[in-house]
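At position 55 of the sequence shown the residue is numbered 55 (the working numbering), and the sequence of numbers has no breaks.
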Amino acid sequence: MSDTRPIVGVLGLQGDIEKHLAVLERLGARGRRVLAPKHLDGLVALVLPGGESTTMSKGLARNELVKPIQAFAEAGGAVLGTCAGAILLARASRNHPVPTLGLVDVEAERNAYGTQLDSFVAPADPGGDPAFEGMECVFIRAPRLLDPGPEVEVLLRVDGEPVLVRQGRRYACTFHPELTDDLRVHAALLEA
Numbered sequence: 001m002s003d004t005r006p007i008v009g010v011l012g013l014q015g016d017i018e019k020h021l022a023v024l025e026r027l028g029a030r031g032r033r034v035l036a037p038k039h040l041d042g043l044v045a046l047v048l049p050g051g052e053s054t055t056m057s058k059g060l061a062r063n064e065l066v067k068p069i070q071a072f073a074e075a076g077g078a079v080l081g082t083c084a085g086a087i088l089l090a091r092a093s094r095n096h097p098v099p100t101l102g103l104v105d106v107e108a109e110r111n112a113y114g115t116q117l118d119s120f121v122a123p124a125d126p127g128g129d130p131a132f133e134g135m136e137c138v139f140i141r142a143p144r145l146l147d148p149g150p151e152v153e154v155l156l157r158v159d160g161e162p163v164l165v166r167q168g169r170r171y172a173c174t175f176h177p178e179l180t181d182d183l184r185v186h187a188a189l190l191e192a
């Protein structure tokens, strides 16, 4: 009997790869670690996890994944970038520039909330997208999303700052949803 579950890739360069894969399994999807262009074949969605954006950007180039990921998204594949993954999805990184994929019309400011020691958990502001009402957000060296373009929808804010945005089937998330038991961000990716 063949496995008919949707296949979702998780960029396997660094970050909470296993935690993202576990969340996807809990949602009924099959997870696949993506390290080469051929690993994008058959995916319905792709997660770019947190990590260190400079290292991840270099890994994307070294593994010849930049153009294939752009093509995957432009062909309609759903993409979620969390923390450093959100930086990679942005049109540009405003401070400490790194090459980005340019798939979401926002600028990212790296480490906007401070160092690892400045990590925090905060509730989402009320009044955002009702699908994410009451979400707790875990921030670790998180970026800030700035100047969203006209096609970018802000789904969630914390202290007035956009922390989850969507442009079509592409989601940029400055926090780490994989570190909580709340599956809604990943579920939205699967439903996109």
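Just so it is clear, CB atoms sit at the ideal spot from N, CA and C, and this is done for glycine as well. Since we're looking at a predicted model, the values are computed, not measured.
If we ignore side chains and look at the alpha-carbon of each, how far apart do residue i and residue j end up?
{"i": "Val10", "j": "Leu46", "result": "6 Å"}
{"i": "Lys67", "j": "Leu13", "result": "16 Å"}
{"i": "Asp125", "j": "Ser2", "result": "43 Å"}
{"i": "Gly28", "j": "Pro6", "result": "8 Å"}
{"i": "Leu43", "j": "Arg32", "result": "9 Å"}
{"i": "Val138", "j": "Thr100", "result": "23 Å"}
{"i": "Thr180", "j": "Ala22", "result": "12 Å"}
{"i": "Asp159", "j": "His39", "result": "38 Å"}
Assuming residue i and residue j make a contact with CB atoms under 8 Å, what is their CB distance in whole Å?
{"i": "Leu60", "j": "Val79", "result": "Going by Cβ atoms, the distance from Leu60 to Val79 rounds to 13 Å, so no, they are not a contact pair."}
{"i": "His186", "j": "Leu24", "result": "6 Å"}
{"i": "Ala73", "j": "Met56", "result": "Wrong, their Cβ atoms sit about 16 Å apart, outside the cutoff."}
{"i": "Leu146", "j": "Gly128", "result": "Going by Cβ atoms, the distance from Leu146 to Gly128 rounds to 18 Å, so no, they are not a contact pair."}
{"i": "Phe132", "j": "Leu164", "result": "7 Å"}
Between residue i and residue j, is the Cβ-Cβ spacing less than 8 Å?
{"i": "Asp16", "j": "Glu136", "result": "no"}
{"i": "Ala112", "j": "Ala142", "result": "yes"}
{"i": "Gly134", "j": "Thr82", "result": "no"}
Considering only C-alpha positions, which residue in the set the options is nearest to residue i?
{"i": "Arg62", "options": "Asp129, Glu74, Ala36 and Gly42", "result": "Ala36"}
{"i": "Val152", "options": "Thr4, Ile69, Phe139 and Ala90", "result": "Ala90"}
{"i": "Asn95", "options": "Leu21, Ser53, Ile69 and Gln70", "result": "Ser53"}
{"i": "Pro162", "options": "Glu191, Pro123, Lys58 and Asp181", "result": "Pro123"}
{"i": "Ala92", "options": "Gly160, Gly149 and Asp182", "result": "Gly149"}
{"i": "Asp182", "options": "His20, Val8 and Val98", "result": "His20"}
I'd like to confirm the pairing. Which residues does DSSP put opposite residue i in its beta bridges?
{"i": "Gly31", "result": "Val8"}
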